[in-house]
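Engineer: Attaching a single structure in structure tokens format; questions to follow.
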Amino acid sequence: MAWSDLVNTLDGACLATFGTAVTFTPQDGSGAQQLTGIIQRPAMGEDYVPGSVQGTSVIRLFVRFAAITPPPRHGDTITISAIVYDVVDVDVDAEGGAVLKLRVT
Amino acid sequence: MLNPAPITDAIASVLLSIPELNTAMGGRITAFHYRLGQEHRLAEAIYKMPAPSMLIAWEGTKGGNFDGQTIWKHRWGIYYRMGNAAGVAEPVGYEDLWWITCNRPPGGSGPNIRYMQLYAGLDIMDTPSIDHELDEDLIDRFKGVFIIPEIGDN
Numbered sequence: 049m050a051w052s053d054l055v056n057t058l059d060g061a062c063l064a065t066f067g068t069a070v071t072f073t074p075q076d077g078s079g080a081q082q083l084t085g086i087i088q089r090p091a092m093g094e095d096y097v098p099g100s101v102q103g104t105s106v107i108r109l110f111v112r113f114a115a116i117t118p119p120p121r122h123g124d125t126i127t128i129s130a131i132v133y134d135v136v137d138v139d140v141d142a143e144g145g146a147v148l149k150l151r152v153t
Numbered sequence: 150m151l152n153p154a155p156i157t158d159a160i161a162s163v164l165l166s167i168p169e170l171n172t173a174m175g176g177r178i179t180a181f182h183y184r185l186g187q188e189h190r191l192a193e194a195i196y197k198m199p200a201p202s203m204l205i206a207w208e209g210t211k212g213g214n215f216d217g218q219t220i221w222k223h224r225w226g227i228y229y230r231m232g233n234a235a236g237v238a239e240p241v242g243y244e245d246l247w248w249i250t251c252n253r254p255p256g257g258s259g260p261n262i263r264y265m266q267l268y269a270g271l272d273i274m275d276t277p278s279i280d281h282e283l284d285e286d287l288i289d290r291f292k293g294v295f296i297i298p299e300i301g302d303n
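First to last, the sequence lines map onto chains A and B.
With the numbering used here, the residue at position 29 of the first sequence is 77, and numbering never jumps.
With the numbering used here, the residue at position 58 of the second sequence is 207, and numbering never jumps.
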């Protein structure tokens with residue numbers, strides 16, 4: 049099995065186990081879609097749980113970048129627990145995953 | 150010497166009254182006070198700024214003999230975080246925000262903020278400055294500086 053396939057399988061297992069349902073709204077107008085992402089530790093901890101309904105200001109969200117069409121880019125929006133976040137940065141890794149850096153609007 | 154706390158509120162209020170700035174910031178121009186227990190620390194407050202928004206924070210006072218009547222100069226940081234410009238026909242970037250801040254009149258008419266007495270006992274501000282900064286995720290943001298002398302010793 050190729051390394052990329054192994055990583056894809058691992059990412060899928062992690063997303064299924066630790067993932068949170070989010071709504072991805074691309075800026076190209078193609079319509080909102082449901083995704084699963086893993087909320088990661090941000091640069092600075094805040095006084096609410098990331099992804100909670102109270103809404104932290106900054107979230108880092110791991111997604112399976114290669115499986116999303118259109119691919120996320122800065123300027124898109126992600127909604128988590130009814131809180132809307134802008135995608136301010138996209139860090140893509142070589143194996144098809146990406147960390148989206150989100151800031152509350 | 151004047152208390153900087155109400156002056157911080159006054160600066161935020163005046164900036165909020167600049168129509169173009171208010172629109173660009175979605176009305177989110179707030180004053181920060183170092184009230185431990187009521188507010189987050191300044192670094193966290195800046196980190197938590199939503200897009201778009203502005204934060205006004207007193208950053209210190211310099212005492213000295215500047216001229217015949219000026220012995221206090223207060224300094225405020227004006228933190229900007231612009232909104233998402235994706236799909237916006239006429240985006241308002243940081244250059245535009247600074248130009249609006251320095252030139253557009255509060256209330257829509259009259260002098261701009263640089264030529265206003267923002268609080269009783271203050272002189273008009275020294276020529277303001279702004280600098281580029283990076284946030285914790287290396288995203289661009291800007292911080293302006295207002296240095297405002299007091300008239301005499303209040």
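The beta carbon of each residue, even a glycine, is placed where N, CA and C say it ideally should be.
1) State the Cα-Cα distance for the pair A/Ser105 and B/Ala238, rounded to the nearest angstrom.
2) In three-state DSSP terms, what is A/Val138?
3) Give a yes or no on whether the minimum CB-CB distance between B/Lys197 and chain A is below 7 Å.
4) For A/Phe72, name the three-state secondary structure that DSSP assigns.
5) So the candidates are A/Phe113, A/Ala91, A/Thr127, A/Arg89; which of them puts its Cα closest to the Cα of A/Val101?
6) Look at the alpha carbon of B/Leu191 and the alpha carbon of A/Pro74, and state the distance between them as a whole number of angstroms.
7) Report the rounded CA-to-CA distance for B/His223 versus A/Pro119, giving the unit in angstroms.
8) List the residues of chain A whose Cβ lies closer than 8 Å to the Cβ of B/Gly212, in chain order.
9) In the DSSP output, which residue or residues are listed as bridge partners for A/Gln81?
10) Round the Cβ separation of A/Tyr133 and A/Arg151 to the nearest angstrom and send it over; I've been treating them as touching at under 8 Å.
11) Let me make sure I understand the geometry here. Which of B/Glu285, B/Asp302, B/Glu299, B/Asn303 has the alpha-carbon closest to that of B/Met198?
12) If we count the other Cβ atoms within 10 Å of its Cβ and call it buried at 16 or more, is B/Met307 buried or exposed?
13) Cβ closer than 7 Å: which chain B residues qualify as neighbours of A/Glu94?
14) Helix or strand or just coil, what does DSSP make of B/Pro168?
Structural biologist: In short:
1) Rounded to whole angstroms, the gap between the alpha carbons of A/Ser105 and B/Ala238 is 26 Å.
2) Taken through DSSP and simplified to helix, strand or coil, A/Val138 comes out as strand.
3) Yes, its Cβ sits closer than 7 Å to a Cβ of chain A.
4) It is a strand residue.
5) Of A/Phe113, A/Ala91, A/Thr127, A/Arg89, the residue nearest in Cα terms is A/Thr127.
6) C-alpha separation (whole angstroms): 33 Å.
7) As the crow flies, the alpha-carbon of B/His223 is around 48 Å from that of A/Pro119.
8) In chain order: nothing, as chain A lies at least about 34 Å away.
9) For A/Gln81, which the question treats as bridged, DSSP gives the partners A/Phe72.
10) 6 Å between Cβ atoms; contact.
11) Closest by alpha carbon: B/Glu285.
12) Because chain B in this structure spans residues 150 to 303, residue 307 of chain B falls outside the shown range and cannot be described.
13) Those are Lys197, listed as they occur along chain B.
14) B/Pro168: helix per DSSP, three-state reduction.
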